[in-house]
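Residue numbers (numbering that gives the first Met the number 0), protein chains in the order written: chain A, 0 to 482; chain B, 0 to 134. Some notes on the structure that comes next.
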Amino acid sequence: MSALVITPVLVPLATAVLTTLTGRHPRAQQALSFAGVAAFLACALALVALAAADRPAEAAFGGWAAPFGIQFVIDRTGAVLVLITALMGAASLLFLASDADTEPHHPLLLPLVHGLLAGVGGAFATADLFNLYVWFEVILVCALGLFAIGGRLDQLDATFKYLALNLLGTLVLLIAVGAVYASTGHLNYGALSEAADHLSPGLATAVLTALTLAFLIKAGAFPLFAWLPASYHTLPAPVLALFAGLLTKVGVYAVLRTLGDVFAPAPELLYEALGWIAAATMLVGVLGAAYHWDMRRILAFHIVSQIGYILLGVALMSAAGNAATLFYTVHHIVVKANLFLIAAILWRLAGSYDLRQIGGLYALRPWLGVLFLIPALSLVGIPPLSGFWAKLLILQEAIAQGRVAWTAVALLVSALTLYSMVKIWMEGFWSPHPDPQWRLPRARLWPAYAATLSLAAVTVWISLDPQPLLNYAQAAARTLGGY
Amino acid sequence: MIWVLALTVWITVTAGVYLTLSRDLLRIVLGLAVLGSAANLVLFAAGRLGSAQPAVVPLGETLLTDAANPLPQALVLTAIVISFALICLALVLVLRLIRDADSDDALALRYAEPVPTDPVKPPLPAPEYGPRWPG
């Protein structure tokens with residue numbers, strides 16, 4: 000049993016406990032929180048190194064061997080996602096030290112953030128279906144706390160909608176897990192992938208439909224995404240960036256793990272349906288974004304839209320598709336979180352999230368414009384940024400399989416994504432500020448710039464040298480099952 | 000036996016869905032609690048019904064015969080604990096919402112997403128429902 004395998008849960012959980020105990024001493028709490036996330040980052044790097052050397056960290060708990068005890072296995076897929084989780088945690092916590100939409104600093108804010116990281120880390124580490132459900136619940140409880148902690152009426156309203164729809168999702172997941180256990184007698188991923196071969200196609204379709212439905216609610220796919228744009232924009236910026244980067248991606252990871260790994264190849268009907276759901280998710284998300292003028296709401300709809308691309312990779316039902324999904328997920332988490340953080344800097348400097356009430360930033364802060372354009376154009380997929388490589392991988396495979404309709408939708412959605420990004424650029428940076436009396440305020444922004452610049456540096460790094468990540472993703476896809 | 004359980008699940012799900020689709024906030028939470036019970040019953044049925052013998056090897060023997068499957072029971076217990084915590088949290092949240100918003104109508108909850116007044120553009124954000132300006 001390797002002790003490293005439990006660190007994605009243990010380190011954030013220990014940090015959550017320690018930061019709760021030091022709630023009365025904000026400085027000590029902050030120092031512990033930074034130390035915790037640094038330790039998490041170091042453990043995640045070690046996990047990636049182990050996984051890349053084909054020695055995935057694994058352990059079975061409670062003195063029971065693999066198919067009976069709960070097992071943690073961190074293969075290449077899990078390891079890179081744990082690393083990106085730690086990176087997002089570090090960026091958000093750094094951003095919290097600025098004054099760009101980080102209020103209120105409730106004593107329970109940091110414990111809840113670390114609890115959320117523990118839940119996400121557990122979901123990526125576990126190799127047991129019921130355990131995955133438990134991590135989804137941990138994430139849900141911490142997310143609800145982070146929503147409600149501000150106490151504003153719109154936040155409570157958002158919390159309730161998030162709670163009702165996500166609780167429904169976890170109940171569907173619970174029923175689906177019961178159905179999987181009833182039909183195979185297993186919950187462990189390894190045992191399930193062996194037992195799945197003996198399932199009749201009809202039963203497999205029914206059980207996996209229920210399971211995928213639950214994960215799609217969590218991922219925010221069409222038509223089950225209503226909870227996401229209804230709630231996300233009420234969060235403070237660093238928490239919002241964390242949610243935008245990680246939460247829906249846990250749902251997507253679960254879809255990849257079930258349809259792309261454990262139960263692969265599942266009945267073809269499921270992949271066909273998933274492909275059309277992905278296309279609809281892309282299109283509906285981007286059209287929703289086109290209507291809005293609040294930057295956070297525009298970007299929230301773009302989360303939905305981008306989920307479509309990631310799901311499309313799984314729907315292609317091939318190792319190349321899975322590799323593209325993994326590459327896209329890593330690129331997307333960094334870019335999306337960064338966009339939300341930069342929007343918060345815009346809010347601090349120009350005074351509002353609504354594009355009709357701001358402007359004139361390019362004249363005063365031209366480098367902020369460059370900083371915005373790196374993730375914005377990467378989200379659209381302009382070469383040579385990371386989004387271009389991610390979309391290229393997915394569309395190459397889609398065209399190779401003759402999926403013309405899905406490819407056409409994906410390209411159209413890219414153009415519409417450009418429209419939203421240009422809207423933010425034109426209104427926020429290019430056009431003059433609507434209030435002629437407006438002056439740049441004195442703000443404490445260096446932690447915000449440090450966080451966003453680091454994330455932009457990761458994006459630029461993936462953009463200029465995509466080969467290492469691509470090799471890693473392809474090697475990860477080869478270890479995923481079935482094809 | 001399994002048909003009786005299936006019927007129970009059916010009735011529970013129906014009641015849960017009916018309550019969840021209500022406009023009354025408290026009824027929505029109650030509906031989710033009832034749906035949670037239905038999910039627990041399904042989970043319980045996943046481990047074959049029939050035997051009521053506990054899964055404990057009797058003294059002096061090494062083999063366990065004809066015992067009930069303990070795994071779904073453990074799963075249901077976990078799920079009950081989690082859903083209990085979530086329902087408690089939801090109840091507190093709903094009480095606070097009813098107090099602050101002075102209404103228990105789900106359709107009146109338009110604070111996070113204000114109703115549009117213009118046919119093409121969304122309404123401007125209300126300052127009291129946005130982030131507080133620092134300092």
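Quick reminder that beta carbons are idealized off the backbone N, C-alpha and C, glycines included. No experiment lies behind these values; they were computed from the predicted model shown.
- Inside the segment 232 to 294 of chain A, DSSP marks whole alpha helix (DSSP H) runs of 4 or more residues at positions 236 to 256, 267 to 290, from first to last along the chain.
- Scanning chain B for C-beta atoms nearer than 7 Å to the C-beta of L155(A) yields L92, R95, L96, D99, reported in chain order.
- For V79(A), the secondary structure class from DSSP, reduced to helix, strand or coil, is helix.
- Comparing alpha carbon positions, the residue from L31(B), A105(B), R47(B), A67(B) closest to W2(B) is R47(B).
- Minimum Cα-Cα distance from L354(A) among the listed residues D434(A), A279(A), V379(A), H331(A) corresponds to D434(A).
- Contact annotation for L34(B) against chain A: L166, L167, L170 [CB-CB distance below 9 Å, chain order].
- When 8 Å is used as the limit between beta carbons, V41(B) is near these residues of chain A: L173, I174, G177, A178, in chain order.
- At a cut-off of 8 Å between C-beta atoms, P25(A) does not count as an interface residue with respect to chain B.
- Under the Cβ criterion of 8 Å, A299(A) is not counted among the residues facing chain B.
- Taken through DSSP and simplified to helix, strand or coil, I27(B) comes out as helix.
- Under a criterion of Cβ atoms nearer than 9 Å, the residues of chain B adjacent to V140(A) are, in order, I81, A84, L85, L88.
- For Q29(A), no beta strand (DSSP E) encloses it; the enclosing alpha helix (DSSP H) starts and ends at 25 to 51.
- The closest CA to that of W437(A), considering only A209(A), M316(A), L363(A), is found on L363(A).
- 8 Å or more divides the Cβ of L269(A) from the Cβ of T183(A).
- Close to chain B, meaning a Cβ-Cβ distance shorter than 9 Å, are the following residues of the segment 335 to 361 of chain A: A343, W346, R347, G350, S351, Y352, D353, R355, Q356.
- Contact annotation: in the segment 292 to 323 of chain A, residues whose CB is within less than 9 Å of a CB in chain B are W292, D293, R296.
- Contact annotation: L107(A) and G144(A) have beta-carbon atoms nearer than 8 Å.
- Note on I297(A): 16 or more other CB atoms within 10 angstroms of its CB, so buried under the neighbour-count rule.
- Taking 8 Å as the cut-off, the Cβ atoms of V176(A) and F129(A) count as close.
- The C-beta of S199(A) comes no closer than 8 Å to any C-beta of chain B.
- With respect to the 8 Å criterion, S304(A) and T416(A) are classified as neighbours on the basis of their beta carbons.
- Out of A240(A), T406(A), K160(A), the CA that lies nearest to the CA of V112(A) is found in A240(A).
- Judged by DSSP in its simplified three-state form, I5(A) adopts helix.
- Secondary structure note for A455(A): its alpha helix (DSSP H) is the uninterrupted segment 445 to 463.
- When only Cα atoms are considered, N187(A) and Q70(A) end up about 7 Å apart.
- Between E136(A) and I81(B), the gap from beta carbon to beta carbon is short of 8 Å.
- The beta carbon of A38(B) sits closer than 8 Å to some beta carbon of chain A.
- The beta carbon of V8(B) sits closer than 8 Å to those of A37, L40, V41, A44, all from its chain and outside the five residues before and after it, given in chain order.
- Annotation: the continuous alpha helix (DSSP H) that includes F339(A) extends over 318 to 349.
- Per the C-alpha coordinates, the member of A272(A), G189(A), W388(A), L273(A) positioned closest to A59(A) is G189(A).
- 8 Å or more divides the Cβ of L131(A) from the Cβ of A117(A).
- Contact annotation, V251(A) with I306(A): C-beta distance approximately 6 Å; criterion of less than 8 Å satisfied.
- Shown in chain order are the members of the segment 122 to 138 of chain A whose Cβ falls below 7 Å from a Cβ of chain B: F129, V133, E136.
- Listed in chain order, the positions of the segment 267 to 285 of chain A with a beta carbon within less than 8 Å of a beta carbon of chain B would be empty, since no residue qualifies.
- By the C-beta density criterion, L31(B) is buried, having at least 16 other C-beta atoms within 10 angstroms.
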